[in-house]
Amino acid sequence: MVLLHVKRGDESQFLLQAPGSTELEELTVQVAQVYNGRLKVQRLCSEMEELAEHGIFLPPNMQGLTDEQIEELKLKDEWGEKCIPSGGSVFKKDDIGRRNGQAPNEKLKQVLKKTIEEAKAIISKKQVEASVCVTMEMVKDALDQLRGAVMIVYPMGLPPYDPIRMEFENKEDLSGTQAGLSVIDESQAQLWWAAKELRRTKKLSDYVGKNEKTKIIVKIQQIVTEEEASVCNLSCPHLFRRGREPQPESPLLAARSRSS
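Take any residue in the sequence shown, count from 1 to its spot, add 19: that is its number in my numbering.
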């Protein structure tokens, strides 16, 4: 099995194994799925940390309003009356006004937090240092663990507009968000190794040979069209056209990649 050390820019992401005979069409999609799956776990962990501290999401028309404004507008959080955490709630106001403040009790809060830490460990970049490969099965296991923890604390489920529920149902809308910039469209994913584009029409062995003990560093990027590249050429020097080696990322986007 060829060992691939996957990077985004210069930042390590994960290790993945594949036979040299693997079609690069299949491998590119596989790498993109694991990459995006890890991002999904990270987004869920972030939102579940807020769930543990401040309870469920408020209805969109109530977010950011003061108690006085809510009362004046006669708005009502109907889902808040249905989605009460098991064992009762503890009030902890959300200062940014996104969640209703009805947090789980300490015992169930720890159920969420422990599961979050376990899920983070599964997809952590530290797995590279430990020489542990990350697979889609591992990503799915992390997602299942997170889903199970939410069901323990909220057996009745979460409101349909809660980002945690939307992530589990694959209905998340990341358009216009920082998180959305990190996601790579599987159909537009592109792998590079040793200044060469690993073209989807070939096999991995066409580039690395027949040695199944080979270890390579591949970089995943998203293809940018000629039109997009011409528009962004001055402001986005890291972007590249099909068939050209990825250029170094700008300091801002490199920082964004590291934060993901």
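The beta-carbon is built from N, C-alpha and C at its ideal position, and this holds for glycine as well.
Keep in mind that this is a model prediction, so the values were computed, not measured.
- [ ] Quick one: residues in its chain with C-beta nearer than 8 angstroms to the C-beta of I17, no 5 flanking neighbours on either side, listed in chain order?
- [x] As displayed, the chain neither begins before 20 nor continues past 279, which places residue 17 out of reach and without an answer.
Open item on the list: Let's test the definition: count the other Cβ atoms within 10 Å of the Cβ of V243 and tell me whether it reaches 16, buried, or not, exposed.
Closed with: Position 224 of the sequence shown, counted from the first residue, corresponds to residue 243. It counts as buried.
Task: Reference G83, options R57, D96, R117, L92, closest by Cα - done: Taking the first residue of the sequence shown as 1, we reach residue 83 at position 64. Looking at the Cα atoms, R117 is the closest of the given residues.
TODO: Jot down the residue ranges of each uninterrupted alpha helix (DSSP H) in the segment 160-230, minimum 4 residues, whole runs only, in chain order.
DONE: Within the segment 160-230, the runs of alpha helix (DSSP H) that reach at least 4 residues and sit entirely inside it are, in chain order, 182-187, 197-201, 224-227.
Open item on the list: DSSP three-state label for P104, please.
Closed with: Counting from 1 along the sequence shown, the entry for residue 104 is found at position 85. Three-state DSSP puts P104 in coil, outside helix and strand.
TODO: Tell me, please, whether the segment 60-70 touches the segment 39-51 by the rule of three or more beta-carbon pairs shorter than 8 angstroms.
DONE: no
Open item on the list: Between L162, K133, P123, I75, which has its C-alpha nearest I142's C-alpha?
Closed with: For the purposes of this step, residue 142 is taken as the residue at position 123 of the sequence shown. Considering only alpha carbons, the answer is L162.
Open item on the list: Taking its Cβ as the centre, do 16 or more other Cβ atoms sit within 10 Å of T281, making it buried, or is it exposed?
Closed with: For the chain, the structure presents residues 20 to 279; residue 281 sits outside this window and is missing.
Task: Simplified DSSP state of Q82, which is helix, strand or coil - done: As a first step, residue 82 must be located in the sequence shown, where it is residue number 63. Coil, per DSSP.
- [ ] Hey, could you find the ends of the alpha helix (DSSP H) V53 is sitting in?
- [x] Within the sequence shown, residue 53 is the residue found at index 34, counting from 1. Taken as a continuous stretch (DSSP letters only), the alpha helix (DSSP H) holding V53 covers 43-73.
- [ ] Excluding the 5 residues preceding and the 5 following A138 in the sequence, name in chain order all residues of the same chain whose CB lies nearer than 7 angstroms to its CB.
- [x] As a working mapping, residue 138 is identified with position 119 in the sequence shown. Only V60, C64, A161, Q164, L165 meet the Cβ criterion.
- [ ] Ignore the nearest five residues each way along the sequence and tell me which others in P182's own chain have a CB closer than 7 angstroms to its CB.
- [x] Position 163 of the sequence shown holds residue 182. Excluding residues within five positions, the ones whose Cβ falls inside 7 angstroms are E66, F76, E191.
- [ ] Starting from the C-beta of Y180, find all residues in its chain whose C-beta is less than 7 angstroms away, skip the five residues before and the five after it, and write them out in chain order.
- [x] Counting from one through the sequence shown, the residue named residue 180 turns up at place 161. Here the set comprises F76, P78, P79.
- [ ] With a cut-off of 8 angstroms on the beta carbons, I'd call L58 and V202 a contact; round off their distance for me.
- [x] Residue numbering aside, residue 58 sits at position 39 when the sequence shown is read from its first letter. Residue numbering aside, residue 202 sits at position 183 when the sequence shown is read from its first letter. Contact holds; Cβ gap of about 6 angstroms.
Open item on the list: Just verifying my parser: in three-state terms, what is the DSSP assignment at A138?
Closed with: The residue given as residue 138 occupies position 119 in the sequence shown. Helix at A138.
Open item on the list: Taking CB distances under 8 angstroms as the criterion, tell me whether G83 reaches chain B.
Closed with: Annotation note: the requested chain B is absent from the structure, which comprises a single protein chain.
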